[in-house]
DNA sequence: CAATATAGTTAGAAAATCAAATCATATCAT
DNA sequence: ATGATATGATTTGATTTTCTAACTATATTG
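Here it is in structure tokens:
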């Protein structure tokens, strides 16, 4: 039990630093020997795109919850993404207080690009495991995600 | 493979929002019907304590890497932790450019407290799995952590 | 030993975040 | 129905967190 706690959080922290290095790295690129800014996405904007790409259209409150920030913060983030045309708001027809947020074409494209890096890590993970372990891991993660997160 | 990528990052994002809600919640407490600040730790300070508690004494650069921020940011964070007596710097005897950072008694105590919350989540995870699945998960995580993170 | 690399710090600016107040719409209890 | 309460989203103003770039000190390398 104590062991699992330790490995669980090591795993989480490992992901965490990997993820921020990827976001930062993908924001830079080298062109004719000098480093230039490749995308105009900040780290928190990239996170929001990741969440929207992963879960699809959702309201502000749910975006905020997935990001682990307040709705005030989310309003600001989505404002910027909308201004830069990565995301769009649509009024819900069910509840007129609600905005449904989704990615635009450009936003989806940015998500796909970022997602490639995820697949890379996934490949690395599979590389360390046997066929059987991989299958078991998938099942276990599905269970945990469905029941806890 | 695509499935695993999806579950892996859902898992990671689930952890992420859980973790930020826990850090925020543990920073507040209710006393005589009003919410007051219980600890003087901010979110980024709590993260640093978590890393130092998890990995033990380490230099600034490694702390920065684990936190996924620059060394400049880390200097500021450790400055504050040192001022509040949660952490301390020691000059390395091997390399005089290097500071080794570690938790003080007070820092360790804060780490232990935070760690309790981790155990709670761990317990929840175990609750959704069979005995066998739990053992397999532990082994798999150990493998991944050792080889990738 | 000079040139280059690395660890850490500092300074100033920009980005991210929060809490609280506010607005508009929904829901609930009577 | 309607007044009271709850909820989703935004705004405001302040604080916190972070970055980049320049800098210092020490190590390493050709």
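Protein chains in written order, with my numbering: chain A, 1 to 149; chain B, 1001 to 1149. Glycine included, C-beta positions come from ideal geometry on N, C-alpha and C.
Residue i lies in the alpha helix (DSSP H); which residues open and close that run?
i, result
"residue 111(A)", "105-128"
"residue 1139(B)", "1131-1147"
Please work out which residues of its chain come closer than 6 Å, Cβ to Cβ, to residue i, disregarding the five sequence neighbours upstream and downstream, and give them in chain order.
i, result
"residue 1090(B)", "1100"
"residue 1020(B)", "none"
"residue 1057(B)", "1100 and 1102"
"residue 52(A)", "103"
Is DSSP giving residue i helix, strand or coil here?
i, result
"residue 1097(B)", "coil"
"residue 58(A)", "strand"
"residue 1017(B)", "helix"
"residue 1084(B)", "coil"
"residue 41(A)", "coil"
"residue 30(A)", "The pLDDT assigned to residue 30(A) is 45, lower than 50, so where the model puts this residue is not dependable; a value taken from the coordinates is nonetheless given after this. Residue 30(A): strand per DSSP, three-state reduction."
Output the distance between the C-alpha atoms of residue i and residue j, rounded to the nearest integer angstrom.
i, j, result
"residue 1116(B)", "residue 3(A)", "13 Å"
"residue 1008(B)", "residue 87(A)", "24 Å"
"residue 1083(B)", "residue 50(A)", "37 Å"
"residue 1022(B)", "residue 1136(B)", "27 Å"
"residue 1041(B)", "residue 130(A)", "42 Å"
"residue 1061(B)", "residue 1097(B)", "11 Å"
"residue 68(A)", "residue 1094(B)", "41 Å"
"residue 1152(B)", "residue 125(A)", "Residue 1152(B) lies beyond the residue range present for chain B, which begins at 1001 and ends at 1149; the question has no answer from this structure."
"residue 1120(B)", "residue 1127(B)", "11 Å"
"residue 54(A)", "residue 1006(B)", "8 Å"
"residue 1141(B)", "residue 1148(B)", "10 Å"
"residue 75(A)", "residue 1024(B)", "20 Å"
"residue 66(A)", "residue 17(A)", "18 Å"
"residue 138(A)", "residue 1146(B)", "19 Å"
"residue 1132(B)", "residue 118(A)", "28 Å"
"residue 1073(B)", "residue 73(A)", "21 Å"
So, for residue i: in the same chain, excluding its five sequence neighbours on each side, which residues have a beta-carbon less than 8 Å away from its beta-carbon?
i, result
"residue 59(A)", "92, 98, 99, 100 and 101"
"residue 1122(B)", "none"
Please work out which residues of its chain come closer than 7 Å, Cβ to Cβ, to residue i, disregarding the five sequence neighbours upstream and downstream, and give them in chain order.
i, result
"residue 85(A)", "104 and 106"
"residue 134(A)", "126"
"residue 1044(B)", "1077"
"residue 1080(B)", "1045"
"residue 71(A)", "60, 61 and 64"
"residue 1(A)", "none"
"residue 1047(B)", "1067"
I'd like to confirm something about residue i: is its beta-carbon nearer than 7 Å to some heavy atom of the ligand FAD, or not?
i, result
"residue 148(A)", "The ligand content of the structure shown is nil, which means the ligand FAD is not present either."
Any contact between the region 1107-1114 of chain B and the region 1009-1017 of chain B? By contact I mean 3 or more CB pairs, one from each, below 8 Å.
no
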